[in-house]
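Single-structure report; data block below.
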Amino acid sequence: MSFRVHRNIVEPESGWFRDNLPPPNLDGSPVKVRLGCTAEAAAHCLRFMYTGRIDICDIDPSCPWSIIHLPRCVLGYCAAVFLRVSRMAAHLLRIVEKTSVELGTLVTTRYLHQNLDDYEWVEFSWHYQNALDILYAQGSQTLMMPMRLAMVSVLDTTLFWLVRHPAFINLLQTTWQHFPNTLLLDQAEYRRLLKENNPTTKSPVPTEAALEKLFAKEEIESTIKNECAIPGTADLSAGRAVLASRGRAQSWYRRRGSSL
Numbered sequence: 186m187s188f189r190v191h192r193n194i195v196e197p198e199s200g201w202f203r204d205n206l207p208p209p210n211l212d213g214s215p216v217k218v219r220l221g222c223t224a225e226a227a228a229h230c231l232r233f234m235y236t237g238r239i240d241i242c243d244i245d246p247s248c249p250w251s252i253i254h255l256p257r258c259v260l261g262y263c264a265a266v267f268l269r270v271s272r273m274a275a276h277l278l279r280i281v282e283k284t285s286v287e288l289g290t291l292v293t294t295r296y297l298h299q300n301l302d303d304y305e306w307v308e309f310s311w312h313y314q315n316a317l318d319i320l321y322a323q324g325s326q327t328l329m330m331p332m333r334l335a336m337v338s339v340l341d342t343t344l345f346w347l348v349r350h351p352a353f354i355n356l357l358q359t360t361w362q363h364f365p366n367t368l369l370l371d372q373a374e375y376r377r378l379l380k381e382n383n384p385t386t387k388s389p390v391p392t393e394a395a396l397e398k399l400f401a402k403e404e405i406e407s408t409i410k411n412e413c414a415i416p417g418t419a420d421l422s423a424g425r426a427v428l429a430s431r432g433r434a435q436s437w438y439r440r441r442g443s444s445l
């Protein structure tokens, strides 16, 4: 699968494109590069560069406990790290943090004296587990730490309420049995940073500027070199062709709309 994109859009957004796009062809024909990620991941990243949105990661207000958008946010974040798109990574982190706030509000206003029904519980626990499985399987946990902090914020706002659910202890002893130690460390770090949070954002999650620095090529290479290798997912293995047009987008529609 191939995508035709505009150099003047993808280069400012993506450190990977800035480093890997060949110079424009003199005859004006597109240049070609291959991405080491799946077509779906590339499509969502490219669409975000054009539109500033990832619709499949939006919160569904009609089903607040069906947090299927969280594993999608994690997958999108992994793709954003790979392509070094700090604006997209920051956008996804904000969605996860917003989820934390909304679920915390929901608990205190509607669910304080009641438990989730079985369907709501399965929806919440299953999707949260999927998100953690993806997150903890990535190679560089330093690069994943911003999303780990955002994800643990969801648990932090709901934990003492979730403990009351009859299935929670069983969950910790079975399918979640390899999570508690890591979650505990992440929660401690989240709360520590919360006390020292950025006065502008009032959040322990890094800003877009901080992410841009974290995603700098030299920083990523140094991080990966210094970390112990952790088996990652196979999703970043297949090369995909991307055509970069020498010409600039000629209209607002072409610049802001996705042609994927």
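The sequence shown begins at 186 in the numbering used here and counts up by one. C-beta atoms are modelled at their ideal positions from N, C-alpha and C, and glycine is treated no differently.
Reduced DSSP category for residue i - H, G, I as helix; E, B as strand; rest coil
i: Val190; result: strand
i: Lys398; result: helix
i: Val216; result: strand
i: Trp311; result: helix
i: Leu211; result: coil
i: Arg376; result: helix
i: Asn242; result: Before going on, a small fix: residue 242 reads as Cys here, not Asn. Of the three classes helix, strand and coil, the one that applies to Cys242 here is helix, per DSSP.
i: His298; result: coil
i: Ser388; result: coil
i: Ser407; result: helix
i: Leu421; result: Bear in mind that the predicted position of Leu421 carries a pLDDT of just 35, short of 50, making it unreliable; the figure below should be weighed with that in mind. Here Leu421 sits in helix by DSSP.
i: Thr293; result: helix
i: Thr223; result: coil
i: Gly200; result: helix
i: Gln326; result: helix
i: Pro365; result: helix
i: Glu287; result: helix
i: Thr342; result: helix
i: Val195; result: helix
i: Pro351; result: coil
Separation of residue j from residue i, as counted between CA atoms
i: Ala395; j: Leu378; result: 15 Å
i: Arg192; j: Lys402; result: 19 Å
i: Gln323; j: Val266; result: 11 Å
i: Pro209; j: Glu282; result: 40 Å
i: Asp371; j: Arg232; result: 31 Å
i: Thr360; j: Leu206; result: 43 Å
i: Arg189; j: Val195; result: 11 Å
i: Ala274; j: Glu393; result: 8 Å
i: Pro331; j: Ala227; result: 21 Å
i: Ser388; j: His276; result: 14 Å
i: Leu368; j: Gly213; result: 51 Å
i: Gln314; j: Leu344; result: 14 Å
i: Pro391; j: Lys398; result: 10 Å
i: Arg218; j: Phe202; result: Here residue 218 is Val; the residue named in the question, Arg, does not match the sequence. Roughly 9 Å separates the two Cα atoms.
i: Val348; j: Thr294; result: 18 Å
i: His363; j: Ile354; result: 13 Å
i: Pro365; j: Gln358; result: 10 Å
i: Pro246; j: Met234; result: 25 Å
i: Lys380; j: Leu334; result: 14 Å
i: Ile280; j: Cys242; result: 8 Å
i: Leu278; j: Gly237; result: 14 Å
Residues of its chain near residue i, where Cβ-Cβ distance is below 7 Å and the 5 sequence neighbours each way are ignored
i: Ala316; result: Leu255, Pro256, Val259, Met336
i: Asp204; result: Lys402
i: Phe400; result: Gly200, Val266, Arg269, Ser271
i: His229; result: Ile239, Gly261, Ala264
i: Ser310; result: Leu356
i: Leu301; result: Trp250, Phe309, His350
i: Asn382; result: Ser388, Pro389
Assumed close pair residue i, residue j - CB separation to whole angstroms, cut-off 8 Å
i: Ile244; j: Glu287; result: 7 Å
i: Met329; j: Leu320; result: 6 Å
i: Gly289; j: Thr342; result: 3 Å
i: Ala352; j: Trp306; result: 6 Å
Cβ shell of residue i (< 8 Å), same chain only, five flanking positions each side left out
i: Thr284; result: Ile244, Ile252, His254, Leu255, Val339
i: Trp449; result: Within the shown structure, residues of the chain are numbered from 186 to 445, placing residue 449 beyond reach of any answer.
i: Arg376; result: Asp341
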